[in-house]
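Undergrad: Structure below; questions to follow.
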Amino acid sequence: MALAAISIAISCSKDDPATNNPDPNPNPNPTPVSTAEIGYDGGTMTYTGFEMVVPDACFNGYFELSLLEHPTQTVYGTYEASKFYTLEGFPLEFLEPIEIQLESTSGSDLFAVAGLVSRAASTDSAMISFQFIDVTQQGSTCTFVLEPNDIPDYATDDTVSVVLGLVKDYTKISAKSQFVVYCPKIYVDDAYYLQDFLDEAYSHFQNSPLNFSYLKRTKWPVEVTVRKLGSGTYGYFVPSKWGNNSGYMEFNQDYLSDKEELKTTAGHEFFHLVQALYDPRYAFTKAISPSSYYWVEEAASVWSEAWFSTDANYVSIVRNGHQMAPFNGMLEGAAENPQHHGYGMSALIKYLADNYGQEYLVKIFEHEQSGSTDILGGFNNALPKPMSEIYADFLHAYISSEVYGDFGAGDMLGNLSGTFAVNGANDTIKEFEMEYKPLSAKVFKIDINYAGFTDQNSMLIKSESSIKKLIYKLKGAELTYLGSAFGDFNVLNLQQIQQENALILVVPVLHYYSSSEEKVVFQIQSTPPMQFEGCRFSLKYLPAVEHVTLPSGSTMTQDITYNYTYDDDYFRTGTYTNGNYWCSWDEVDGSWRHYGSMHLIIDEQNKMIVSGTIEAAIQSVSNPDETYKNMEISFKNIPSTSWGESEVWFGIMGSNFCNPEIITSFDENSAQTGFIRYLLSYSCSSINTFGIKLSVAANKE
Numbered sequence: 037m038a039l040a041a042i043s044i045a046i047s048c049s050k051d052d053p054a055t056n057n058p059d060p061n062p063n064p065n066p067t068p069v070s071t072a073e074i075g076y077d078g079g080t081m082t083y084t085g086f087e088m089v090v091p092d093a094c095f096n097g098y099f100e101l102s103l104l105e106h107p108t109q110t111v112y113g114t115y116e117a118s119k120f121y122t123l124e125g126f127p128l129e130f131l132e133p134i135e136i137q138l139e140s141t142s143g144s145d146l147f148a149v150a151g152l153v154s155r156a157a158s159t160d161s162a163m164i165s166f167q168f169i170d171v172t173q174q175g176s177t178c179t180f181v182l183e184p185n186d187i188p189d190y191a192t193d194d195t196v197s198v199v200l201g202l203v204k205d206y207t208k209i210s211a212k213s214q215f216v217v218y219c220p221k222i223y224v225d226d227a228y229y230l231q232d233f234l235d236e237a238y239s240h241f242q243n244s245p246l247n248f249s250y251l252k253r254t255k256w257p258v259e260v261t262v263r264k265l266g267s268g269t270y271g272y273f274v275p276s277k278w279g280n281n282s283g284y285m286e287f288n289q290d291y292l293s294d295k296e297e298l299k300t301t302a303g304h305e306f307f308h309l310v311q312a313l314y315d316p317r318y319a320f321t322k323a324i325s326p327s328s329y330y331w332v333e334e335a336a337s338v339w340s341e342a343w344f345s346t347d348a349n350y351v352s353i354v355r356n357g358h359q360m361a362p363f364n365g366m367l368e369g370a371a372e373n374p375q376h377h378g379y380g381m382s383a384l385i386k387y388l389a390d391n392y393g394q395e396y397l398v399k400i401f402e403h404e405q406s407g408s409t410d411i412l413g414g415f416n417n418a419l420p421k422p423m424s425e426i427y428a429d430f431l432h433a434y435i436s437s438e439v440y441g442d443f444g445a446g447d448m449l450g451n452l453s454g455t456f457a458v459n460g461a462n463d464t465i466k467e468f469e470m471e472y473k474p475l476s477a478k479v480f481k482i483d484i485n486y487a488g489f490t491d492q493n494s495m496l497i498k499s500e501s502s503i504k505k506l507i508y509k510l511k512g513a514e515l516t517y518l519g520s521a522f523g524d525f526n527v528l529n530l531q532q533i534q535q536e537n538a539l540i541l542v543v544p545v546l547h548y549y550s551s552s553e554e555k556v557v558f559q560i561q562s563t564p565p566m567q568f569e570g571c572r573f574s575l576k577y578l579p580a581v582e583h584v585t586l587p588s589g590s591t592m593t594q595d596i597t598y599n600y601t602y603d604d605d606y607f608r609t610g611t612y613t614n615g616n617y618w619c620s621w622d623e624v625d626g627s628w629r630h631y632g633s634m635h636l637i638i639d640e641q642n643k644m645i646v647s648g649t650i651e652a653a654i655q656s657v658s659n660p661d662e663t664y665k666n667m668e669i670s671f672k673n674i675p676s677t678s679w680g681e682s683e684v685w686f687g688i689m690g691s692n693f694c695n696p697e698i699i700t701s702f703d704e705n706s707a708q709t710g711f712i713r714y715l716l717s718y719s720c721s722s723i724n725t726f727g728i729k730l731s732v733a734a735n736k737e
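Position in the sequence shown (first residue = 1) + 36 = the working numbering.
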């Protein structure tokens, strides 16, 4: 069994990098008992109950080794079956197997354990993580071998502190699996579950749609240890100073009975093992310091837990307290604590996976594998749109509880950047100017306490185009999205908001990749409501395929270009009430009858048609049953292209007409001189247009 170097345990207990070598001693009480200088020619270190034989040509230099003895049961507790020793100054690189003998003091079912010490700089404490090695026993003497592992591509004189001892009452589960589990015998049934959960994770991450590669690890199975860990620590992945083939995992024996938690933890920690295969750094460095992608690793692993849960609405408990992370800046939010930032940024990973496919994730880690430390570049290369276009949409979905159910308005109210309390008629304007980190957001609250507003009062929210403002109304626990804007946004109906005891939340999002000083202005004003009256619309140049029944009764298909044009010299009469606009017409123009109707739901704040339908027909007055053209269209989210005092235009061009999220249905049929035509399909070209024009009553043409 190979000795694997243990350093920082990644996941629920990962610490900051240690910078001093050799490793610190984890226990203040061990007693120095022996020293030896061993070099190229090999040598022996002996002490009561301990012997190590280093063969010739094993070390690549001379090393001063020190042996320290630990007090009984201070390292592995009641499972200790021998004295435990720390061997300091042990070379990272050794070339031949090293035989060690330890004297057993008690117990049966013995294994040797080899642990390496790592310093947790963030807590100024040290930890030891262990791997198991089979022993041969003669009487009380147990012999085991430290095998050389992945030798670095270049020579190194780095040294480590190795903790050695025997443990008892353990068993080895080595059934056909990608994992071998060492556990106390009393937990063997739970350990079989753990092994199955890890095998499931092994299959999950390498299969579609994730498609992660395991090629950088050439030795399987992975060693897994079950032992008592710190309270609240479920488990962790341990990268090895000896390379990818020696990375392993430890799980806390105290939490094995909760199978749901055990399964999600297994998936989380195995994903960390996979991520480490994409870290191109030198193994020793990987084992003592986190990657620059560390927050991404945590975010991805927290997100992945849901795959191993039976709860359809699963949210990892490690997100608690970190839900505001996306507001602190996609990248710079990690400066204070990348682990905690990653816990909260699991929301971003989930949003991107849900909206752009899970396959994007491996591309980010491939970007890391290439040696690039440009995390933002990794995201932008992996996704169809840059993060500058995505981030505000992500935050809106997050705020709207469309990503995780553990985030809501209460989180924002507890993390405000400013408040504007409108308590009287003189509270008409408020400015907030402050620095925004790249891809970050602020939260402002507006309290409408003044009861003297009329239905014509509104609040104008202004900023430069570098930030996109998301605006919400909060009434009790009900959050309503009012809209968004890069420029001006007008919040209407302040009187109603005050009467509802509601408040306004404004979330400006900086979409730049560098920090920026930005100002947001809130200004009370009087805005008369729009009075839309007349309507007209046009649909031009739409390539289509139609089915034609000929006068003879035979049929054919043909390609045509429709040219619907209703650009008359006058508007048809319409009415507008509370965002609903109706318009209808029935008139005769020479030998043709024109009739139809239009219904629109208009969002004045966002200056767009939320949804609408149009039915239009042209019919021969003299021969209405045989000469006609009928058209029906339904649509939504049609933006305004011009918003003036006398008229307003809404419209789309080109391929947008073929987007089913905009044009939800379109149908047409016609007849003329015995030819009956039905629309089969249509396509879009760069020149086709669809437009709706409304007149404003006060300036009717």
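Think of the CB as a built atom: it goes at the ideal place given N, C-alpha and C, for glycine as much as any other residue.
(1) Mind pulling the beta strand (DSSP E) runs of 3 or more residues that sit fully within the segment 431 to 485?
(2) Spatial neighbours of serine 656 within its chain, please: C-beta separation below 7 Å, excluding the five flanking residues on both sides.
(3) Let me know if leucine 131 comes out buried or exposed under the rule of 16 or more other beta-carbons within 10 Å of its beta-carbon.
(4) Once DSSP output is grouped into helix, strand and coil, what is the label at proline 362?
(5) How would you call leucine 251, buried or exposed, if buried means at least 16 neighbouring beta carbons within 10 angstroms?
(6) Considering tyrosine 238, what are the terminal residues of the beta strand (DSSP E) in which it resides?
(7) Look at the alpha carbon of glutamine 534 and the alpha carbon of asparagine 485, and state the distance between them as a whole number of angstroms.
(8) Contact defined as beta carbons within less than 8 Å: I believe proline 257 pairs with glutamate 368. What is the distance between those atoms, to the nearest angstrom?
(9) Run through DSSP, which three-state label would isoleucine 353 get?
(10) Could you compute how far the alpha carbon of serine 352 sits from the alpha carbon of histidine 377?
(11) Check whether chain D comes within 9 Å of glutamate 87, counting only Cβ atoms and requiring the distance to be less than that.
(12) Under a three-way DSSP split, which group does leucine 730 fall into?
(13) Could you name the residues of the same chain whose beta carbon sits closer than 8 Å to that of glycine 113, not counting the 5 residues immediately before and after it, in chain order?
(14) Is the beta carbon of valine 198 sitting closer than 9 Å to the one on glycine 151?
(15) Going by the beta-carbon positions, is the gap between valine 338 and arginine 317 smaller than 9 Å?
(16) Closer than 8 Å by C-beta to phenylalanine 147: which residues in its own chain qualify, once you throw out the five before and the five after it? Chain order, please.
(17) Nearest to leucine 431 by CA position, among Pro374, Phe120 and Tyr508, is which residue?
(18) To the nearest angstrom, report how far apart glutamate 404 and alanine 336 are at their CA atoms.
(19) Taking all protein chains shown into account, decide if glutamine 375 is buried (16 or more other Cβ within 10 angstroms of its Cβ) or exposed.
(20) Helix, strand or coil for glycine 648? Go by DSSP, reduced to three states.
(21) For asparagine 57, which residues from the same chain have a beta carbon less than 7 Å from its beta carbon, with the 5 sequence-adjacent residues on both sides left out?
(22) Over the uninterrupted alpha helix (DSSP H) stretch that includes threonine 321, give me the two end residues.
(23) Who does tyrosine 517 pair with in a DSSP beta bridge?
(24) Determine the contact status of isoleucine 650 and methionine 634, defining contact as a CB-CB distance below 9 Å.
(25) Among the residues of its own chain, which have a CB less than 7 Å from the CB of tyrosine 229, if the five just before and after it don't count?
(26) By a C-beta neighbour count over all protein chains shown, 10 Å radius and 16 as the cutoff for buried, is leucine 539 buried or exposed?
(27) Look at the alpha carbon of lysine 322 and the alpha carbon of methionine 495, and state the distance between them as a whole number of angstroms.
(28) Can you list, in chain order, the residues of its chain with a C-beta nearer than 7 Å to that of serine 161? Leave out the 5 residues immediately preceding and following it.
(29) When the Cα atoms are used, what is the spatial distance from threonine 141 to alanine 117?
(30) Taking only three categories from DSSP, how would you classify glycine 79?
(31) Please classify alanine 392: does DSSP put it in a helix, a strand, or coil?
(32) Between the beta-carbon of isoleucine 560 and the beta-carbon of leucine 506, is there less than 9 Å?
(33) In terms of alpha-carbon separation, which member of Thr611, Lys729, Leu575 and Leu715 lies closest to methionine 689?
(34) Run through DSSP, which three-state label would phenylalanine 686 get?
(35) Quick check on the DSSP output: the beta strand (DSSP E) that includes leucine 541 runs from which residue to which?
(36) Grouping DSSP H, G and I as helix and E and B as strand, with all else coil, what is cysteine 48?
TA: According to the data block:
(1) 454 to 458, 465 to 472 and 480 to 484
(2) Ser627, Trp628, Thr663 and Tyr664
(3) exposed
(4) helix
(5) exposed
(6) First-last for tyrosine 238: 224 to 242, but that is the alpha helix (DSSP H), not the beta strand (DSSP E).
(7) 6 Å
(8) Rounded, the Cβ-Cβ distance is 40 Å, inconsistent with contact.
(9) helix
(10) 14 Å
(11) The structure shown contains no chain D; it holds only a single protein chain.
(12) strand
(13) Lys264
(14) yes
(15) no
(16) Phe168, Ile169, Asp170, Val171, Leu202, Val203, Tyr206, Lys208 and Tyr218
(17) Tyr508
(18) 14 Å
(19) buried
(20) strand
(21) Only weak support is given to the placement of asparagine 57: the predicted model assigns it a pLDDT of 35, under 50, and the value that follows is read from those uncertain coordinates. Same-chain partners within the cutoff: Asp194 and Thr195.
(22) 319 to 324
(23) Tyr508
(24) yes
(25) Lys295 and Leu298
(26) buried
(27) 53 Å
(28) With a pLDDT of 38 at serine 161, under the threshold of 50, the modelled position of that residue is not reliable, and the figure given next carries that caveat. Taken in chain order, the list of residues that qualify is empty.
(29) 5 Å
(30) strand
(31) Reading off the sequence, residue 392 comes out as tyrosine, not alanine. Three-state result, tyrosine 392: helix.
(32) no
(33) Leu575
(34) strand
(35) 539 to 546
(36) Unreliable placement is indicated for cysteine 48, whose pLDDT of 46 sits below 50; no coordinate value is reported for it.
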